[in-house]
Ligand code: NAD
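Right, here's the structure in full:
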């Protein structure tokens, strides 16, 4: 069993004057002014409910990109019915044919669809060109190509036999349909959550976050252009709880592939638990959730490397990455140099629309998010125990802009050291050099999350101590690097504790969750 050997998609730089930059700028302008009418995709139909809702840009919220057709409970039922109608033929399709469809989607995305997906992510989610490229092009392509390889590994798993007995494993899809419930912040995650179960022969109902619909609908078109049969993935725009009511009380509900906040996942888990008697089996529950990701520097660390880890790790995509560094622990001997380097670095970060490729910082996703983040900032600014080292200003008159903000606290349990803010804010605590081991304990116990974390050190004993003391504090642990930017196939991604079920997106561990294996023993 072999598929084309995957290699990570090279990241384009979009250098000034390059043909790819011109194409991306042109596509951005075209999409910005097209006023798209965006249907749901259910079975073979493009469904227009007539209940049109505006698609806006976070960096210019009065500009309307188009309208999507919002659905209601009846559309959820239609999507489930369409999925179940497609199920038998799709589940029985040779896995090579299923893989071929998604490998073709990857090739289309690497070529003619690349600029469209990148521009849509820049417009709808306010990502700069580079962040859009690593997300909606490279990571999405990698998910599809590496998952095809992991399919071969799963289907190749067979047991031993003995003379007169032939044992076999049949890696069946789940019995029923899978619900993909996807977040706003990564186009690639939104695409992978329905694609991964579908690749394993499952049929899917996909509900994206409303703030990500603009790019999601292009992903759906891409899958169709690659030959995905009708009904295998059904894309609906329905309010979360309304969709949940129908999905989680359906007898054929077989699993959920979720990425989003811990609070929403907790509710979903409880609902599924309460409704167990309604289902045919135990649904697969795969969820990647929130984070409170840390950077800890040892006294032996290089101050400039630590500062770069902080500014890049905390502020790429305005801190709206589940892996974004949002708390840092710096020893007193390094602090003056780290602080200066952070302040100098932040002076080079321009803020504004992604339309200007020079803007590193764009807007946060929507007003709700803006209000949540700035509430933390207001409280911090009014607290005499908190010092604002950089940033702290915000303005929502045109777009939801918040300056990259660095807070310094005296108390390592201060609220912004513990809770997920999901914005461009990092809080720093400076510790006495002799207290390194104690600070590891503080990191381990002051937040319920365990997604990503970094140690910066030149001392191997310190690295080993942190690696063992923080055993369960992060699902992705980085040594001398920022805690963001996991690459499919290289750093399987996911966290434990309140950060999710740790089924490692972009790995065979995730894909295997979308099978239910039958063992066959045949005696001759
Ligand atoms: P969210 O939880 O608000 O939304 C996720 C999805 O759930 C959306 O489609 C939303 O419409 C839906 N939803 C919301 N309330 C619902 C309800 N009551 N019933 C059913 N569905 C509901 O998350 P978000 O704001 O889109 O994304 C940000 C969050 O995602 C952050 O917490 C971040 O840490 C997390 N995240 C985690 C990872 C990871 O790999 N661990 C990756 C990306 C994002």
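Numbering (the working numbering), first residue to last: 604 to 1127.
Beta carbons are placed, not taken as given, at the ideal position from N, Cα and C, and that holds for glycine.
Here the structure is a predicted model, which is why all the values come from computation and not from measurement.
**Message:** Measuring alpha carbon to alpha carbon, tell me which residue in 1108, 1099, 1074, 1075 is nearest residue 1089.
**Reply:** 1108
**Message:** Taking its Cβ as the centre, do 16 or more other Cβ atoms sit within 10 Å of residue 753, making it buried, or is it exposed?
**Reply:** buried
**Prompt:** Ends of the beta strand (DSSP E) at residue 811?
**Reply:** 806 to 811
**Prompt:** When you compare each of 702, 694, 793, 905 to residue 936 by their alpha carbons, which one comes out closest?
**Reply:** 905
**Message:** Measuring CB atoms only, is the segment 690 to 710 touching the segment 995 to 1007, in the sense that at least three cross pairs come out at less than 8 Å?
**Reply:** no
**alpha helix (DSSP H) runs wholly inside the segment 965 to 1027, at least 4 long, in chain order** = 970 to 984, 1018 to 1021
**Request:** Report the residue from 658, 654, 649 whose alpha carbon sits nearest the alpha carbon of residue 638.
**Result:** 658
**Prompt:** How many Å lie between residue 761 and residue 771 at the Cα?
**Reply:** 6 Å
**Request:** Can you grab the Cα-Cα spacing for the pair residue 623 / residue 821, in whole Å?
**Result:** 19 Å
**Item:** Sequence-distant residues of the same chain with beta carbon closer than 7 Å to residue 1097, five excluded per side
**Value:** 891, 1078, 1103, 1105, 1106, 1107, 1108
**For residue 840: DSSP bridge partner residues** = Per DSSP, none; premise fails for residue 840.
**Item:** Among 885, 1050, 970, the one whose alpha carbon lies nearest that of residue 1119
**Value:** 885
**Message:** With a threshold of 6 Å (Cβ to nearest heavy atom), would residue 784 be considered close to ligand 1?
**Reply:** yes
**Request:** May I ask which residues mark the beginning and end of the beta strand (DSSP E) holding residue 857?
**Result:** 856 to 862
**Asked** Starting from residue 658 and walking both ways along the beta strand (DSSP E), at which residues does that stretch end?
**Response** 655 to 660
**Request:** Could you give the DSSP three-state label for residue 935: helix, strand or coil?
**Result:** coil
**Asked** If you run the structure through DSSP and keep just helix, strand and coil, what is residue 632?
**Response** helix
**Request:** May I ask you to check if the CB of residue 864 is nearer than 6 Å to at least one heavy atom of ligand 1?
**Result:** yes
**Close Cβ partners of residue 1011 (< 6 Å) along its chain, the five nearest in sequence each way excluded** = 990, 992, 1031
**Prompt:** Taking the Cβ atom as the reference point for each residue, do residue 783 and residue 807 lie within a distance shorter than 7 Å?
**Reply:** yes
**Request:** Locate the beta strand (DSSP E) running through residue 1094, then write down its first and last residues.
**Result:** Segment: none, residue 1094 is in no beta strand (DSSP E) and carries neither H nor E.
**Request:** Compare the Cα-Cα distances from residue 731 to each of 997, 920, 640, 649 and report the closest residue.
**Result:** 920
**Message:** Helix, strand or coil, according to DSSP, for residue 668 in the structure here?
**Reply:** strand
**Request:** Could you tell me whether any non-hydrogen atom of ligand 1 is closer than 6 Å to the CB of residue 909?
**Result:** no
**Item:** Distance cut-off 6 Å: residue 735 Cβ against heavy atoms of ligand 1
**Value:** no
**Message:** Quick check: residue 1024 and residue 976, are their CB atoms within less than 7 Å of each other?
**Reply:** yes
**Prompt:** Would you say residue 844 touches ligand 1, meaning its beta carbon is less than 6 Å from a heavy atom?
**Reply:** yes
**Asked** DSSP beta-bridge partners for residue 770?
**Response** 1124
**Prompt:** How should residue 609 be labelled, buried or exposed, when 16 other C-beta atoms within 10 angstroms of its C-beta is the threshold for buried?
**Reply:** buried
**Prompt:** Distance, Cα to Cα, residue 1058 vs residue 983?
**Reply:** 26 Å
**Request:** Measure the beta-carbon distance from residue 1056 to residue 1073 and round it to whole angstroms, keeping in mind my assumption that it falls under 8 Å.
**Result:** 6 Å
**Request:** Taking residue 968 and residue 814 to be in contact with their CB atoms under 8 Å, please state how far apart those CB atoms are, rounded to whole angstroms.
**Result:** 5 Å
**Message:** Please state the DSSP three-state secondary structure of residue 731.
**Reply:** coil
**Item:** Own chain partners of residue 777 with C-beta closer than 7 Å, once the 5 adjacent residues on each side are dropped
**Value:** 805, 857, 858, 887, 1117, 1119
**Message:** Quick test of the definition: if touching needs 3 or more C-beta pairs under 8 Å, does the segment 938 to 955 touch the segment 633 to 651?
**Reply:** no
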